[in-house]
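Engineer:
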Amino acid sequence: MSQAIAGQLQSGYPAAMRESIAKVEATRDRRLKEGPRNAMSAAQRTQVLQEWHPDYKADKKRAIQVGPSKGERMPHEVADLLEAYPVVNPRKIDLSSPDIEVQILILGGGGAASVAALFAHEEGIPTKDILMVSKLRHGDCNSIMAQGGIQAADRETDSPASHYIDVLGGGHYTNNPELVKALVNDGPLMIDWHEKLGALYDKVDGQYLEAHGGGTSRRRMHSAKDYTGMELMRVIRDEVRNVGIPVIEFAPAVELLLDKQGHAAGAVLTNLETEEYIVVKANATVLATGGFGRLHIQGFPTTNHYGATADGLIMAYRAGVRLIDMDSVQYHPTGVAYPAAILGQLATEKLRNQGAEPVNAHGDSFVFPLEPRDVESAAIIRECYGNNNGVSTPSGIRGVWLDTPMIDAIHGKGTIKKRLAAMWMMWHRHDIDITVDPALVFPTLHYQNGGVEIDADARTSVPGLFAGGEVAGGVHGKNRLMGNSLLDYNVFGRRAGISAAKWAKEHAAKSPTLKHIEAFSADLESAGIKTDRKAPIILPDYRREAVLERRLRILT
Amino acid sequence: MSEEKMMQIFIMGKAYDVPVGVTIMDAMEYAGYRFVRGAGCRSGFCGACATVYRKEGEYRLEFALACQEMVEEGMHLTQLPFTPAPRSSYVLSELDADENVLLQHYPAIARCVSCNTCTKACPQDIEVMDYVQAALRGDLKKVSELSFDCIQCGLCSMRCPADIKHSHLAQMARRLYAVTQSPEPDHLKTRMSELAEGIHEVQLDALMKMNLDELKKQYAARVIEAEGEES
Amino acid sequence: MNTIPYFPGCSLKDTATGFESSAQFVMETLGLRLQELERWNCCGTVTSLTTDDLMHHLASVRNLVRVQDLHESELVALCSMCYNTLARTAQRINADPVERDKINQFMDRESSYEGTVEVRHLLQVLRDRIGWETLAQATPITLEGLKVACYYGCTLLRPKEAAIDNTEKPTIMSEAMAAAGATSVPFPFAGECCGTYQVVDRRDLSIERSFRVIQSALRAGANVIATACPLCQHNLQEAQKELGHVQGLADIEIVYFTELLAAAMGMDPQRLPEGLNVLIQQTAEAQTGWGGS
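Chains as they are written, first to last, in the working numbering: chain Y, 1 to 556; chain D, 1001 to 1231; chain W, 2001 to 2293.
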């Protein structure tokens, strides 16, 4: 931290925030003794959601005018990209002799893509006939950032049925039951797979350290400190490398290819460094391109990685796949609200499942710490902007305290540094010690609840096109519970890999075309959509207006 | 920041005015850079934005993640977005977890001169040299514990005079430690055999047949298990 | 004209230019031109590469710093090689503030070494801090009748500055054995080299040397060799394995001196070498006249 800033701060916080921290400290012992507030009733949940959750603001969405989900309401940021023209001109792409031909093309470099690759190989596809292509590096993804844990019903007192009910209730019964069944039933299977790959889950005396997450009825959250996503991703990635599955990095897909029958036939990629296009013909294509956090729905900051720009949604939609539950967005209740340098970065739910309680500016608790995420987020927004009990930061943002010192008070000194090492480090870099002081949080854009429609075998409506992970919808309905995204990418990554392998063995792709792109553009025109918007956008642009306005595009 | 104070930094030798109080990554974007390489998760977990810098008037090189480190007046910086570090492939189930296994796959660890430069390059404050030394002794547990927070950015390997490939070495050690010394709990094995028998699928199928009201009743009737740590 | 490749060196290019020019003149006159190498660097005589071997001590110094971090001033080592390396570094760096400064500067932001840590071998601690009498009182199980050849090898005794006892006639290990009731038998090869790291690429050489050590102990009447170094132990045991057919060679036990002390203190025999247990039992039986005779 620079001296200019540090001079005005006491252990990372300005004086005004320190006054509020003193109030939090004053009530801490009492709150520890009394325990958390009770969870809300179903009616209370509905009320806070309708009044305060960003999803319920009607003017932030519009009905999409073209394509298979025509008429369905989506955030403007998503609709803008679906109602945008292709970045490639189909007539300028030479599809006659593909640059690469494989049996299975996997789009994505994250968890779902890697799992799909490994299981496609296990299903009998030779490594040379599989190709993973990634927009950024292999492993630059949301999967690697997940901190808190992964749910799986493996304890005697738990069951996949209990997990099923939790998921369905948390998702307000909007989930696709077939997908939920697959998710919960495969949970233990995936944990077992991770064990065999050598992932290091937290254990005490040889037993898993399993915790609750928001909206769970059983403790089934498996963790690897608060690096759960990183531990899984790096182990799975290491295995992809061991097996020798080829990966091309910095080569995102920009359009899918279909053959004359309308079957998936590969994709057009672009080399982000040379800007060449690359045509890949494949018998089966797996869409594992992740979500849309970097679209900054309603201007929210996001926990998502740099490449989360909804490319997969756009490409699949143009190929004729319906998108579902796109009206709902997951705002993680606790994004960083201070300091501004790390605004919106994730403060894992594990902080709350280990005992940290959300507390307002006066030091009072106002919500059960482990409500489902949408409810918890809405309650925090209400506390800041409805009840005006938020804490204001120097940059004008409001937030509430997450009373992190409660964790060591409950579980013993050293717990935070041991179980929440990444969180401790994140704030420590800004001179804030969360073992001593609370952290300021506010909801942040976290997860794309909806997505591409799939069935339990990860098939889309386009034959030969499979999808898994955050790009797909239906698993979580309109609200995902903590620890189910890591499980999702494993379960549906695996199913997509296996299904793609089975399909690829029996169906040779015919000549690839981009006719569907031309047709989609024609639909846009006949719907009267006149715009210079182009999609997919591949990467967000955070350059300053003043620089962009003065750009001379000499080298383009 | 309410009033935007500015300062000068040098990106690959070129001067730019950027706001005070932002990360190196935000400062570079403010200056007009659009990342292709050098930005990933933007939250300190992926290691894509490894950055080397020197402070004004200092001779030392410092190491950081651009998405986590704040810019400072007079900082001279460049990114190291890629580390050409070869890894040794292996079949996990066929490895002998003896004390020489790491040395066999990564013989360069025997060249460690304990200079500790790796440790000083680590943006995660990992005791890198200590785990290399533990690897030399074949102590998988120690390597696993010490290296656990590694985000595999590669800065240690870029600095190592012995050309050790630290992050690959540690990755192998952790996986091997997990499968040999951190066994799968019995209850998971029990659940796996129950699943194979299809016991749980029957329960799930019953739930899937329920209508919305019945499901809501089931949800409301859940007994929430007590908090606790023992599994 | 004939030429010969010529290395000038740094001095001849600045302070000793006359040396070079005159030599060139002489040689040209004689018809053999000095042909300067197109590409050359320092011959290697700069201090950092020859007399200043400070970098080799960095690992040792860091271990001394760990002791200092504990606010302690003494470090004990068991392995004689480690003892030797650490002790010599400590002696050198403790005594020389200039060298200490150089090392501290290189370590930069790590804790600086203040030069206050002394390194001891366990035998020294037993002798100087515990005392033989206390040791004797703590060994209820007598090793009487055991004939121990105390093998020091090189690194406990050499160089003289690092020696834990008289370099030529060490007694420290014998005294430890005596405290445990064992008899130590002097043998001429007690301070000879086992062949050390030569085992890696000249195994024949280390086998030969180790063989002589064992044979010397056997001839002195020993039935067990006590060592203080994993490498000595390894080399002796390798020789024993390789040349086990030689008369009597397989009959001698080779153990760490601490294993003998532990046996005398009643450590669970299961945690001690099988051969040692058998030997102790046989000796005890012979002493009391049971069996045997």
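Virtual Cβ for every residue (Gly too), placed ideally from N, Cα, C.
Applying a beta-carbon distance threshold of less than 8 angstroms, which residues of chain D neighbour W:Ala2059?
Structural biologist: Correct list: Val1113 and Ser1114.
Engineer: Which bits of chain D does W:Glu2110 rub up against, with CB to CB less than 9 angstroms?
Structural biologist: Correct list: Asn1116, Thr1119 and Lys1120.
Engineer: Please say whether W:Leu2058 and W:Leu2075 have beta carbons closer to each other than 9 angstroms?
Structural biologist: Cβ atoms of W:Leu2075 and W:Leu2058: not closer than 9 angstroms.
Engineer: Would you say D:Met1208 reaches chain Y, if we count a Cβ-Cβ gap shorter than 9 angstroms as a contact?
Structural biologist: With 9 angstroms as the cut-off, D:Met1208 counts as an interface residue toward chain Y.
Engineer: By DSSP, does Y:Leu323 sit in helix, in strand, or in coil?
Structural biologist: Looking at Y:Leu323 - three-state DSSP - the assignment turns out to be strand.
Engineer: Do the region 352-362 of chain Y and the region 399-409 of chain Y touch if we need at least three Cβ pairs shorter than 8 angstroms?
Structural biologist: Verdict: yes, contact present.
Engineer: DSSP three-state label for Y:Thr393, please.
Structural biologist: Coil at Y:Thr393, not helix or strand.
Engineer: Is it a yes or a no for the region 388-396 of chain Y touching the region 181-190 of chain Y, going by three-plus beta-carbon pairs under 8 angstroms?
Structural biologist: Touching, no, given that fewer than three Cβ pairs across the two stretches are closer than 8 angstroms.
Engineer: Which same chain residues end up closer than 6 angstroms to Y:Ile278 when comparing Cβ atoms and leaving out the 5 residues on each side of it in sequence?
Structural biologist: Answer for Y:Ile278: Asp99 and Leu269, listed in chain order.
Engineer: Starting from the beta carbon of D:Cys1153, find every residue of chain Y whose beta carbon is closer than 7 angstroms, and list them in chain order.
Structural biologist: Result: empty, since nearest Cβ-Cβ is about 11 angstroms, beyond 7 angstroms.
Engineer: How would you write the range of the alpha helix (DSSP H) that Y:Pro443 sits in, first residue to last?
Structural biologist: Taken as a continuous stretch (DSSP letters only), Y:Pro443 belongs to no alpha helix (DSSP H), being part of the beta strand (DSSP E) at Ala439 to Tyr447.
Engineer: Pull up the distance between the alpha-carbon of Y:Val462 and that of Y:Thr303, whole angstroms please.
Structural biologist: If you take the alpha carbons of Y:Val462 and Y:Thr303, they lie about 31 angstroms apart.
Engineer: Between which residues of its own chain and Y:His305 is the CB-CB distance below 7 angstroms, once the five residues before and five after are set aside?
Structural biologist: These residues qualify, in order along the chain: Asp140, Cys141, Asn142 and Met145.
Engineer: Do the CB positions of Y:Leu313 and Y:Val78 come within less than 9 angstroms of each other?
Structural biologist: Yes.
Engineer: Using a Cβ-Cβ distance under 9 angstroms, would Y:Asp158 count as near chain D?
Structural biologist: Yes, Y:Asp158 counts as interfacial toward chain D.
Engineer: Just verifying my parser: in three-state terms, what is the DSSP assignment at Y:Trp424?
Structural biologist: Helix at Y:Trp424.
Engineer: On the CB-based measure, 16 or more other CB atoms within 10 Å of its CB, does W:Leu2049 come out buried or exposed?
Structural biologist: Low per-residue confidence applies at W:Leu2049: pLDDT is 44, beneath 50, and the placement is therefore not dependable enough to give any value.
Engineer: Taking all protein chains shown into account, do 16 or more other C-beta atoms lie within 10 angstroms of the C-beta of Y:Gly557, making it buried, or fewer, making it exposed?
Structural biologist: Any property of residue 557 of chain Y remains undetermined from this structure, which presents chain Y solely from 1 to 556.
Engineer: Where does D:Lys1014 sit, in a helix, a strand or coil, going by DSSP?
Structural biologist: Reduced to three states, the DSSP call for D:Lys1014 is strand.
Engineer: Just the Cα atoms here: how many angstroms apart are D:Met1070 and Y:Ser159?
Structural biologist: Distance between the alpha carbons of D:Met1070 and Y:Ser159 is about 46 angstroms.
Engineer: Mind listing the chain D neighbours of W:Met2055? Cutoff is C-beta to C-beta under 9 angstroms, in chain order.
Structural biologist: By Cβ distance, chain D contributes Val1113 and Cys1115.
Engineer: Give the list of continuous alpha helix (DSSP H) stretches no shorter than 4 residues that lie fully inside the region 2068-2144 of chain W.
Structural biologist: With a minimum length of 4 residues, the continuous alpha helix (DSSP H) runs that stay inside the region 2068-2144 of chain W are 2080-2095, 2097-2107 and 2132-2137.
Engineer: Once DSSP output is grouped into helix, strand and coil, what is the label at W:Thr2050?
Structural biologist: For W:Thr2050, the predicted model reports a pLDDT of 49, less than 50, meaning its position is unreliable and no value from the coordinates is stated.
Engineer: Got a sec? Which residues, its chain only, sit under 8 angstroms from D:Met1075 by beta carbon, not counting five neighbours each side?
Structural biologist: Excluding residues within five positions, the ones whose Cβ falls inside 8 angstroms are Ile1009, Phe1010, Ile1024, Tyr1053, Arg1054, Lys1055 and Glu1056.
Engineer: In the DSSP output, what is Y:Arg73 paired with across the bridge?
Structural biologist: DSSP, once it has assigned bridges, lists Y:Ala63 as partnering Y:Arg73.
Engineer: Which of helix, strand or coil does DSSP assign to Y:Tyr208?
Structural biologist: It is a strand residue.
Engineer: Run the CB neighbour count on W:Pro2188, radius 10 Å, all protein chains shown included, and call it buried at 16 or more, exposed below.
Structural biologist: W:Pro2188 is exposed by the Cβ-count criterion.
Engineer: With 9 angstroms as the threshold, decide whether the Cβ of Y:Asn185 is near any Cβ in chain D.
Structural biologist: Chain D, which has a Cβ nearer than 9 angstroms to the Cβ of Y:Asn185, makes this yes.
Engineer: Chain W beta carbons: is any one of them nearer than 9 angstroms to that of D:Arg1060?
Structural biologist: For D:Arg1060, the answer is yes, since a Cβ of chain W falls inside 9 angstroms of its Cβ.
Engineer: Please state the DSSP three-state secondary structure of Y:Thr348.
Structural biologist: DSSP places Y:Thr348 in coil when its eight states are reduced to three.
Engineer: Roughly how many angstroms lie between the CA atoms of W:Gln2024 and W:Leu2054, to the nearest whole one?
Structural biologist: About 38 angstroms.
Engineer: Between the region 2062-2073 of chain W and chain D, which residues of the former have a C-beta closer than 7 angstroms to a C-beta of the latter?
Structural biologist: Within the region 2062-2073 of chain W, the qualifying residues are Arg2062.
Engineer: For Y:His507, which three-state DSSP category applies?
Structural biologist: Y:His507 falls in the coil class under three-state DSSP.
Engineer: Mapping DSSP to helix, strand and coil, what is D:Tyr1053?
Structural biologist: D:Tyr1053 falls in the strand class under three-state DSSP.
Engineer: Name the residue from W:Glu2253, W:Leu2122 and W:Gly2195 whose alpha carbon lies nearest to the alpha carbon of W:Ala2222.
Structural biologist: Answer by Cα proximity: W:Glu2253.
Engineer: Could you give the DSSP three-state label for Y:Gly266: helix, strand or coil?
Structural biologist: Strand.
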